[in-house]
Amino acid sequence: MKLRVLSVASEAVPLVKTGGLADVVGALPDALAPHGVAMTVMVPGYPAVLKAIGKARAIHAWPSLLGEPARLLAARLGEHALLVLDAPGYFARGGGPYGDSAGHDWADNWRRFAAFGRAAADLAGGAVKGKRFDVLHAHDWQAAMAIAYTRFAPPPQAAPLPSVMTIHNMAFQGNFGPETFPALGLPDAAWSIHGVEYHGGVSFLKAGMEAASMITTVSPTYAAEIRDAQFGMGLEGLILSRGDRVRGIVNGIDTAQWNPETDPALATTFGLRKLDRRIRNKRALEAEFALEPDEGPLFIVISRLAWQKGMDVLLEAVDHLVGIGGRLAVLGSGDAALEAGFHAAAARHPGRVSVRTGYDEALSHRMQGGGDAILVPSRFEPCGLTQLYGLAYGCVPVVARTGGLADTVIDANLAALQAGVATGIQFDGVSASALCAALSRAVALYHRPEQWRAIQRNGMKADFSWNRSGKAYADLYAQLVTETP
Ligand code: ADP
Ligand code: GLC
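Going by this note's numbering, the first residue of the sequence shown is number 88, and it counts up by one from there.
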């Protein structure tokens, strides 16, 4: 019998995406299927999602879900079941999933995602005819209340099924004021340090972490790092108290979407055996970004422009990057000051630095296929996916040694080069001087073509598919089902 898992998240590729969470949630059903898991994904019915699913059947209705009417729509995500919470009062608005088009969070996010969690908990608990689940898997704070409701709501609303709380980013916790508590519909007993209460307010992520049978995060190193205050961001104590109930399972990549041999976005497809063809993508990319073509390395960045990603540090290192013969193409959006900083750098170095702001999936593929090296100088990085795409595409990652970046890139130190296992460059401590030194190492290696090719090939040969991590999640679900009486 297949294990039935309900995976609840606020984003999923190809329906709605603001970051790596969507890639992972969208890829998990396929990743789990070979391991005997039937995964159903549940997402909110934002306008883009409702448009993508077209006409769909309602399989359940709530006259009032924390104050707004809602329906559950049944649709498909590829081969798999998809459930969409259609609640116009919460989700029928312009802007993004979490805020308006100016980037301000919606003031009622607490109610929107509490309602989403409440609906998922009802579903997990068997309230919807014809739907039964063995495990509830919630991703990030937006889905965390699903687990909290299964544990803290009074019977019969509580559901005794095992649950997994996956933390994709500890920096986003869903913390709200105490005035929100009465509207959540939880008993007073849930207002406690082992419930939803957190420093006098409500924390959705903390509640999910307290209630979950198991907590996972998206790399082993990040699972260890969040035991410390610097990375745990206030929740390190809770992580420590959950002991061996915290695991790190590294993300994979969707190798159907990210394969340089078949990628329709590329000017020229290429592979391990046809690596020479890559240069055509580089020339196309230079033209697209109006960069001077030359023999030096072309560095790329595909990122949210945010403090987490160390983009301010990169701005400090841009003059050095250009000074040692590098060029830089940036695709990103986010912080207005950082965007302005990159535009200023491009103005200072015409033909050497070029910036595209906004979100462009196809361009991100062309950059991985044509750039020589991708820069990921993150201050913290739970997993990171762009370095994995870079590895698969022969775009050598230059990364800070933290979180998933530490786990997925093998630094080209002397020993690794001699052993023939290096896949990129790592540096310690996110500072301009450390990044400049890493850039200098990258440029030096680039000018030793045999070594550079070996590094590219090692990355392209490495297996970052979901095979191993899919099995790890399947084993985890099986363990939880076995332990649950
Ligand atoms: P995070 O989720 O913290 O932003 P990840 O590296 O896990 O970081 O995932 C980011 C995802 O978003 C990747 O799929 C990356 O290619 C994509 N991405 C980020 N910024 C852009 C952009 N401006 N245009 C297109 N894709 C982007
Ligand atoms: C978060 C993290 C990123 C991770 C992604 C998917 O957005 O910032 O490191 O890769 O989730 O798990």
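Where is the CB? At the ideal position from N, CA and C, for every residue including glycine.
G339 is positioned such that its CB atom lies no closer than 8 angstroms to that of P307. The DSSP-derived three-state label of Q229 is helix. When only Cα atoms are considered, L478 and S552 end up about 12 angstroms apart.
Around the CB of Q317, fewer than 16 other CB atoms lie within 10 Å, so the residue is classed as exposed. The ligand ADP never approaches T267 closely enough for any of its heavy atoms to be under 7 angstroms from the residue's Cβ. Beta-bridge partners assigned by DSSP to W149: A157. With fewer than 16 other Cβ atoms inside 10 Å of its own Cβ, K142 counts as exposed. The way I'd put it, the region 346-354 doesn't touch the region 414-428; fewer than three beta-carbon pairs between them come closer than 8 angstroms. Boundaries for D195: no beta strand (DSSP E) harbours it, and the DSSP string shows neither H nor E there.
When Cβ pairs closer than 8 angstroms are counted between the two stretches, the region 221-234 is seen to touch the region 89-105, the count reaching three or more.
Where T444 is concerned, the enclosing beta strand (DSSP E) starts and stops at 440-444.
Rounded to the nearest whole angstrom, the CA to CA distance from Y285 to P380 is 55 angstroms. Taking 7 angstroms as the cut-off, one finds no heavy atom of the ligand GLC near enough to the beta carbon of C482.
Taking the CA atoms as reference points, P131 sits about 16 angstroms from S151. About 5 angstroms separates the Cβ atoms of G413 and P384, confirming a contact at the 8 angstroms cut-off. In the pairwise beta carbon analysis, the region 118-126 is classified as not touching the region 356-366: fewer than three pairs are separated by under 8 angstroms.
If only complete runs of 4 or more residues are kept, the region 315-400 shows the alpha helix (DSSP H) at 316-319, 323-328, 365-375, in order along the chain.
Counting along the chain, the unbroken alpha helix (DSSP H) around M547 starts and ends at 536-548. In the DSSP assignment, I140 falls within the unbroken alpha helix (DSSP H) covering 134-140.
Of the heavy atoms belonging to the ligand GLC, at least one sits nearer than 7 angstroms to the Cβ of C470.
The C-alpha of G107 lies about 17 angstroms from the C-alpha of M129. If you check the CB distance, V388 and L408 do not come in under 8 angstroms. Exclusion of the five residues before and after G182 leaves S188 as the residues of its chain whose Cβ lies within less than 7 angstroms of its Cβ.
Short note on D173: C-beta not closer than 7 angstroms to any heavy atom of the ligand ADP.
By the neighbour-count definition (other C-beta atoms within 10 Å, threshold 16), T237 is a buried residue.
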